[in-house]
Amino acid sequence: MSDLFSVKDKVVLITGSSRGLGASLASGFADHGAKVIINGTNQRTVDQFVEEVKAKGGYATGYAFDTSNSQQVILKIAAIEEENGPIDVLINNAGIHRRAPLEEMSETDWRKVIDINLNAAFIVSKYVAQGMIARRQGKIINITSLMAEGARNSTGNYAAAKGGLKMLTKAMATEWGKFNIQVNAIGPGYFQTELTKTLVADPQFDAWVKQKVPSGRWGEPSDLLGAAIFLASKASDYVNGHTIYVDGGWLAAL
């Protein structure tokens, strides 16, 4: 069973993958032989990262589109599959933050976070799943968060979106399981990325994270890859509707 965890030659679309954790996942999948589809909203940034992956010997192509815009999604999914083959694995990773106390948060910031972090996952999955249903196989991985389980001050919109995405994962698994599609989620803990560098550099916040997590450290982007490879491979063919928290034990500790 040497191919149990193999993702070689699988077409893997990762939304929001031109930077941050998405870029790390894309690079990791390419290192393991997958045909990685890079997505972002800026074509130049997408193309730059595609060239980085290719320079290391990986297969990558890039498509800039707004994952919350159904018309763009329909056109790009068709182009991706025509030019690269059917999508075997979809990783819904695109996400944004807009922080403010709930009583001060603008409706614009509330709606934008819900739109990108939750609605976009539904839209992209809907159109990718149509092909998976016809082929009767596929893997969808939604990137949620610790905040699907608990909130922090000034992140109510983000927590609501990620909590919704956790339940959307269960709904997709329930509806699409009969088509041999497995839908699961990964909930990252606190990871060191370019988006969290100000938090890492804050001595008080850094100490709080290290004290809270049993592993005593921030996650590294590479720490996320193993769970993603598992959920994208044959090894998870009877795993459906679950969230794997890659959090160093955060949720296990009181």
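Residues in the sequence shown are numbered from 212 upward in steps of one, following my numbering.
C-beta atoms are modelled at their ideal positions from N, C-alpha and C, and glycine is treated no differently.
Notebook entry, point to check: Any idea what DSSP makes of Leu301, helix, strand or coil?
Noted result: strand
Note to self: Which residue wins for smallest C-alpha separation from Gly437, given the options Ile397, Ala464 and Gly427?
What the structure shows: Ile397
Checklist line | Cut-off 7 angstroms between Cβ atoms - residues of its own chain near Arg310, not counting five sequence neighbours on either side | finding: These residues qualify, in order along the chain: Ser365 and Thr366.
Notebook entry, point to check: Cβ of Ala289 within 9 angstroms of Cβ of Val264?
Noted result: The Cβ atoms of Ala289 and Val264 lie no closer than 9 angstroms to each other.
Notebook entry, point to check: How many Å lie between Arg449 and Ala384 at the Cα?
Noted result: Per the sequence shown, the amino acid found at residue 449 is Tyr instead of Arg. Spanning the two alpha carbons is a distance of roughly 11 angstroms.
Notebook entry, point to check: Skipping 5 residues on each side, what residues in its chain have a beta carbon closer than 6 angstroms to that of Ile174?
Noted result: Residue 174 lies beyond the stretch modelled for the chain, which goes from 212 to 465, so this question has no answer here.
Margin query: Rounding to the nearest angstrom, what Cα-Cα distance links Trp419 and Gln254 in this structure?
Written below: 37 angstroms
Check: If Ala359 sits next to Thr278, beta carbons under 8 angstroms apart, how far is it from one beta carbon to the other, in whole angstroms?
Finding: About 19 angstroms; that fails the 8 angstroms criterion.
Check: Which one or two residues does DSSP pair with Asn250 in a beta bridge?
Finding: Beta-bridge pairing links Asn250 to Tyr274.
Next item on the list: List the whole-angstrom C-beta distance separating Ala219 from Ala245, where the pair is believed to meet the contact cut-off of C-beta under 8 angstroms.
Entry: It is Lys, not Ala, that sits at residue 219 in the sequence shown. Going by Cβ atoms, the distance from Lys219 to Ala245 rounds to 7 angstroms, so yes, they are a contact pair.
Next item on the list: Would you list the residues sitting across from Thr355 in a DSSP beta bridge?
Entry: According to DSSP, Thr355 bridges with nothing at all.
Notebook entry, point to check: Within 10 angstroms of its Cβ, does Met212 collect 16 or more other Cβ (buried), or is it exposed?
Noted result: Because Met212 sits at a pLDDT of 48, beneath the cut-off of 50, its placement in the model cannot be relied upon, and the point is left open.
Margin query: Suppose you measure from the CA of Lys267 to the CA of Ser317; what does that come to, to the nearest Å?
Written below: 43 angstroms
Item checked: Where Gly306 falls, given that 16 or more other Cβ within 10 Å makes a residue buried -> buried
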